[in-house]
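Since the structure comes first, as structure tokens, the remarks are kept for the end.
In my numbering, the protein residues as written are 136 to 429.
This is the structure:
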């Protein structure tokens, strides 16, 4: 098979079917722009979720039976537990200063003594900031510090998990729907092109041309349409983010920027892959139909 012939036929096929190709590129362009927007928002939302998970903390209040040395030793042991990012020890004196700073009152002056317990604050690694992981971490902490009271914001953590699941489901479903629609549109255009050239395909079959030789130009045509759509979509997204949002909503741009930089090349690659998949699926089906009629 001549590579130059296949490439030439792939490019010329687009020229022979300008209107269907233009419609497909336009629809694929808008589809990829939507996918790019969804992808950018989804990645930014994921980063936000990870940041919120990184703020999850456990407070371990040591029992009164544990003196400062034992509590400090237990704090050091907690640093070696799975999922623990950082541990800080809070003495009774420091707890009193924190109370005074938050409530503006001296607990010793009010009560005549300091009843606040020693404690440890544990920062959890984002990957462990889930209800299931913390359910395993809490018993491990209790083994290190028996009789301690362990607290964390379960409602806050549950809200994070619920929102993450919902957002992942919605964006995933929309992404799959748009991708399938793009594949179908590109495949439909290729099928029209092959239908218009059924006689030529039969003739090529009769003279001994292989299925791959016949199919290659059409697959390249679909891949080129997808690539062109991806390039146009990446350019449109870059204009939207780098000139529009960056100029008029700089705070929002800073949140989305890192995700957008990943989305630009991904949209181009996705367009190429969707074009290839759509054309390959359609070509295989069309060749089988031609073979049956022949």
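Ideal Cβ positions, reconstructed from N, Cα and C, are used throughout, including at glycine.
| Query | Result |
| --- | --- |
| Roughly how many angstroms separate the alpha carbons of residue 217 and residue 298, rounded to a whole number? | 25 angstroms |
| Please report the straight-line C-alpha distance between residue 164 and residue 365, rounded to a whole angstrom. | 7 angstroms |
| Within 10 angstroms of its Cβ, does residue 400 collect 16 or more other Cβ (buried), or is it exposed? | exposed |
| Round the Cβ separation of residue 207 and residue 224 to the nearest angstrom and send it over; I've been treating them as touching at under 8 angstroms. | 6 angstroms |
| Could you please give the first and the last residue of the uninterrupted alpha helix (DSSP H) stretch that includes residue 203? | 203 to 213 |
| Within its chain, find whatever has a CB closer than 8 angstroms to the CB of residue 193; leave out the 5 residues flanking it on each side and keep chain order. | 256, 257, 259, 269, 272, 273, 276, 285, 286 and 287 |
| According to the Cβ coordinates, are residue 205 and residue 213 closer than 9 angstroms? | no |
| First and last residue of the alpha helix (DSSP H) that includes residue 267? | 266 to 279 |
| Using a Cβ-Cβ cutoff of less than 8 angstroms, which residues in the same chain neighbour residue 184 once the five nearest sequence positions on both sides are dropped? | 295, 298 and 299 |
| What is the rounded straight-line gap between the Cα of residue 187 and the Cα of residue 415? | 43 angstroms |
| What's the C-alpha gap between residue 412 and residue 318? | 7 angstroms |
| Have a look at residue 374 and residue 198 and give me their C-alpha separation to the nearest angstrom. | 59 angstroms |
| Using a threshold of 9 angstroms, state whether the C-beta atoms of residue 159 and residue 320 are closer than that. | yes |
| I'd like the span of the alpha helix (DSSP H) that includes residue 246, first residue to last. | 242 to 246 |
| By Cβ distance below 6 angstroms, which residues in the same chain neighbour residue 261 in space, the five residues on each side in sequence not counted? | 185, 188 and 189 |
| What separation, rounded to the nearest whole angstrom, lies between the Cα atoms of residue 264 and residue 292? | 8 angstroms |
| Which ranges does the beta strand (DSSP E) cover as unbroken runs of at least 3 residues, wholly within the segment 173 to 206, from first to last along the chain? | 192 to 196 |
| For my contact list, residue 361 and residue 406 are in at a C-beta cut-off of 8 angstroms; report their separation, rounded to the angstrom. | 4 angstroms |
| Tell me, please, whether the segment 170 to 178 touches the segment 377 to 395 by the rule of three or more beta-carbon pairs shorter than 8 angstroms. | yes |
| Based on DSSP bridge pairs, tell me the residues matched to residue 255. | 195 and 224 |
| For residue 311, which residues does DSSP report across the bridge? | In DSSP, residue 311 forms no bridge with anything. |
| Give the single residue among 363, 303, 381 and 382 whose Cα lies nearest to the Cα of residue 166. | 363 |
| Compute the Euclidean distance between the alpha carbons of residue 241 and residue 281, then round it to the nearest angstrom. | 30 angstroms |
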